[in-house]
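Chains as they are written, first to last, in my numbering: chain D, 1 to 267; chain G, 1001 to 1339.
Okay, structure first, notes after.
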Amino acid sequence: MNGPSALTKRAIVLAVLAAGMGRLALTDAYLAYVKSTMRIPLLASAVVLILLALASAAAADRSREDDHDEDHDDAAGDEHEHAHFPRIGLGLVVPVICIALVPIFPLGADAVTGRAPNAIRADRSVAARDGADGSRSGSGAGTDALAAGGTVTVLDFVDRAINDPANPFSEPVTLVGFVSKDSAITDGFVLSRFIMSCCAADAQPLLVHVRSDGPAPPIDSWVEVTGVQIPAPDDMADEDRVLTQNIVLEATEVLRIDQPTDPYETY
Amino acid sequence: MDGTAHPGTDRSADDPTQPRADGDVRLMVLVVVVLVAVVLARPRLAEVFSTGQPREWMTVFIAVAVQAMPFLVFGVLLSALLAAFVSPAALVRVLPKNRAASVVAAGGAGMALPGCECAAVPITGRLIGGGVPAAAALTFLLAAPAINPIVIVSTATAFPGQPELVLARFLASLATAITMGLLWLRIGASHTFDQLIERAQHSRKVEGKWHTFTDAAAHDLLHAGGWLVVGAAAAASIQVIVPRSILEALGGYGLLAVLALGLLAVLLSVCSEADAFVATSFTAFSPTARLAFMVVGPAVDLKLIAMQHGTFGIRFTRLFAPLTFGVAILWAVVAGSFL
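Written out as structure tokens, the structure is:
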């Protein structure tokens, strides 16, 4: 139990935590875990943590100067004038150690299984496309502009395939995602992308059945696929429409690419 | 300032009555052993966490911790402001004298804190330490993450064209918070929060408002943050180990479905600002069941249970968490019956 004073320990843990947050937010590494809008809050909290660490260190100096006869141990509930280091606080260095030791990965193919795929609601996506939320799909334009094709989000593609089968993309579209497995699909592979609203804990997989002749790229590799949407038949039941095998992109080109800066899509 | 060249060892130099050198030597040995182990194990660790469930676990664990950190920092800054600049007398004065009225007022005050549940725990700890009646403070704890403007806007975004669902969430969450507060007036009298009151007294003994502020902020951050990490690890483990399909299979079974999604909200520990988007994905479930997911989540989940256990004690959490779960399910069912 002996060792550095409670205030010194506080300063060290807070500084380590600040370093961890800073390491994530100063690079693009934080995008493996949270949304891009979290960069500023993360940097701000790292600054606050540094200031608190400095204040704790300064207080440690002061308490050393002030008195030499008090016991600084941190037994819970032991009331005395001195700072107390809650031992559980050491837990805060665990995520930082993990970031330092373990490669930083976003959710990948193995996380796809066990989470409900393509669980997007018709009313939300239709309302969003009507302009309630202009932030989606780059241009935020209406149905016609989106239907023209080009590079679209996996969300837009899946949304159109499920909720608006009468209006498929008229031109070839380009999707970016990683490869995951689905034993039901034998004539190609599954292009996957997680869509996140806050952090990886709430991310949900969007899955597209890519039909292609060539050999399937390895699981978890990132690809850019250009192709033509094959809409499901009009009379297909709603519960079949959401199945990955029925959300089809007939590929004309499959390119292996590096993981994009932001591996997730957001609402 | 003597001996600052060796931070962490200098206390032994000026305190001969305490055998602190032993502690320092042990700490040094421990650090060296850990460092060596880590250097040796790193390639193996990288391999293990590069694929499969370990990789998913690590991503979710770090994501929950990182996502919560800015909110936690914001929360402890507020809790430290309470500790340093708001006297207990002032805190008690702003609340209505009538205890039931103070519970209702605390529920309404929850609308003003734009954070999620991680921010509310340290603030509630300081409120109780500062003399606010526990029932009112706990009502605030439950209301703040559930009915603040950010959560309402994100719920409306997730369920466009369904204002009745947004309203149902708001009312059921507020009712849950107030019901728990009123219940606590009856059953919570025997519960004391000595630790919180002692901590508040300790903070007031620190000289100078600025020092009180930084002391309280640093302490609360380490305390709540440490438990948050425990909760994040538990939530990540559940996400990886329990396939959602097990609970989702219960979609068609009425009340069982409501309980299943309520339980899933506890286990997944999704932030209150994100849970509406997750709720939209349970397409096989009734609106009432989804409502239960959104009403239970901000009130009881694994990371909250861990943080509450740290702040309020195990005896409290054993009673409070299950009771809150039951009350939240009840109000979700009531509100859901109007949908």
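Every residue gets a Cβ at the ideal spot worked out from N, C-alpha and C, and that includes glycine.
What is the DSSP secondary structure of residue i, reduced to helix, strand or coil?
i         : result
D:Ser212  : coil
G:Ser1050 : coil
G:Val1334 : helix
G:Thr1059 : helix
D:Arg115  : coil
G:Glu1198 : helix
D:Ala203  : coil
D:Gln259  : coil
G:Ala1249 : coil
D:Thr27   : coil
D:Ile230  : strand
D:Gly108  : coil
D:Leu249  : strand
G:Thr1192 : coil
G:Val1086 : coil
D:Val225  : strand
G:Val1206 : coil
D:Gly150  : strand
With a CB to CB cut of under 6 Å and the five nearest residues on each side skipped, what residues in its chain are close to residue i?
i         : result
G:Leu1267 : Ile1238
G:Val1151 : Ser1272, Glu1273
G:Leu1113 : Ala1144, Asn1148
D:Asp235  : none
D:Ala161  : Ile247
G:Phe1088 : In the sequence under discussion, the amino acid at residue 1088 of chain G is Pro, which differs from the Phe named in the question. Contacts found: Gly1130, Gly1131.
G:Thr992  : The structure shown has nothing for residue 992 of chain G, since chain G only spans 1001 to 1339.
G:Val1073 : none
G:Val1076 : Pro1122, Ala1217, Asp1220, Leu1221
G:Val1064 : Ala1232, Ala1235
D:Ala200  : Tyr33, Leu107
G:Ala1119 : Phe1071, Phe1074, Gly1075
G:Ala1158 : Ala1276, Phe1277, Thr1280
Between which two residues does the alpha helix (DSSP H) harbouring residue i extend?
i         : result
D:Ile195  : Unbroken run through D:Ile195 is the beta strand (DSSP E), 188 to 196; no alpha helix (DSSP H).
D:Glu239  : 238 to 241
G:Glu1164 : 1163 to 1187
D:Ser180  : Not the alpha helix (DSSP H): D:Ser180 falls in the beta strand (DSSP E), residues 173 to 180.
G:Gly1129 : 1117 to 1129
G:Ser1102 : 1099 to 1109
D:Asp156  : 154 to 163
D:Leu326  : Outside the modelled stretch of chain D, which goes from 1 to 267, sits residue 326 of chain D, for which no answer is possible.
Looking only at its chain, what residues have a beta carbon closer than 8 Å to the beta carbon of residue i, apart from the 5 residues adjacent to it on each side?
i         : result
G:Ala1084 : Ser1203, Lys1209, Trp1210, Thr1212, Phe1213, Ala1216
G:Phe1338 : Glu1164, Ala1168
D:Glu265  : Thr153, Val154, Leu155, Arg193, Phe194, Ile195, Met196, Leu206
D:Arg64   : Ser5
G:Val1242 : Leu1267
G:Ala1156 : Pro1163, Val1166
D:Thr29   : For the record, residue 29 of chain D in the displayed sequence is Ala; it is not Thr. Counting only Cβ-Cβ distances below 8 Å, and skipping sequence neighbours, we find Arg23, Ile99, Ile104.
Tell me which residues share the same chain as residue i and place their Cβ nearer than 7 Å to its Cβ, disregarding the 5 neighbours each side in the sequence.
i         : result
D:Leu255  : Val223, Glu224
D:Leu51   : none
G:Ser1286 : Ala1257
D:Cys98   : none
D:Ser56   : Leu7, Arg10, Ala11, Leu14
G:Val984  : Residue coverage of chain G in this structure runs from 1001 to 1339, which leaves residue 984 of chain G outside it and unanswerable.
Please report the residue range of the beta strand (DSSP E) in which residue i lies.
i         : result
G:Thr1139 : No beta strand (DSSP E) holds G:Thr1139; the alpha helix (DSSP H) holding it covers 1134 to 1147.
D:Ile185  : Run containing D:Ile185: none; DSSP gives neither H nor E here.
- Hey, is the region 219 to 237 of chain D in contact with the region 157 to 174 of chain D, meaning 3+ C-beta pairs nearer than 8 Å? Because the criterion of three Cβ pairs below 8 Å is met, the region 219 to 237 of chain D and the region 157 to 174 of chain D touch.
- Query: Counting Cβ pairs, one atom from each stretch, are 3 or more of them under 8 Å apart for the region 1043 to 1059 of chain G and the region 1187 to 1206 of chain G?
  - Reply: The region 1043 to 1059 of chain G is not in contact with the region 1187 to 1206 of chain G.
- Segment contact, 8 Å Cβ cut-off, at least three pairs: the region 1092 to 1109 of chain G with the region 1171 to 1185 of chain G: yes
- Task: Tell me, please, whether the region 175 to 193 of chain D touches the region 1254 to 1270 of chain G by the rule of three or more beta-carbon pairs shorter than 8 Å.
- Result: At 8 Å Cβ cutoff, the stretches do not touch.
- Counting only runs that start and end within the region 1218 to 1242 of chain G, where is the beta strand (DSSP E) found for 3 or more residues in a row? none
- Message: What ranges does the alpha helix (DSSP H) occupy inside the region 1269 to 1338 of chain G, keeping only unbroken runs of at least 4 residues that lie completely in it?
- Response: 1275 to 1280, 1287 to 1296, 1302 to 1312, 1314 to 1336
- Check whether the region 1023 to 1038 of chain G touches the region 249 to 265 of chain D, taking contact to mean three or more Cβ pairs, one atom from each stretch, closer than 8 Å. no
- Query: So does the region 8 to 21 of chain D actually touch the region 38 to 46 of chain D, counting three or more Cβ pairs closer than 8 Å?
  - Reply: yes
- Query: Does the count of Cβ pairs from the region 1228 to 1243 of chain G and the region 1091 to 1098 of chain G closer than 8 Å reach three?
  - Reply: no
- Three or more C-beta pairs closer than 8 Å, one from the region 1286 to 1295 of chain G and one from the region 1306 to 1326 of chain G: is that the case here? no
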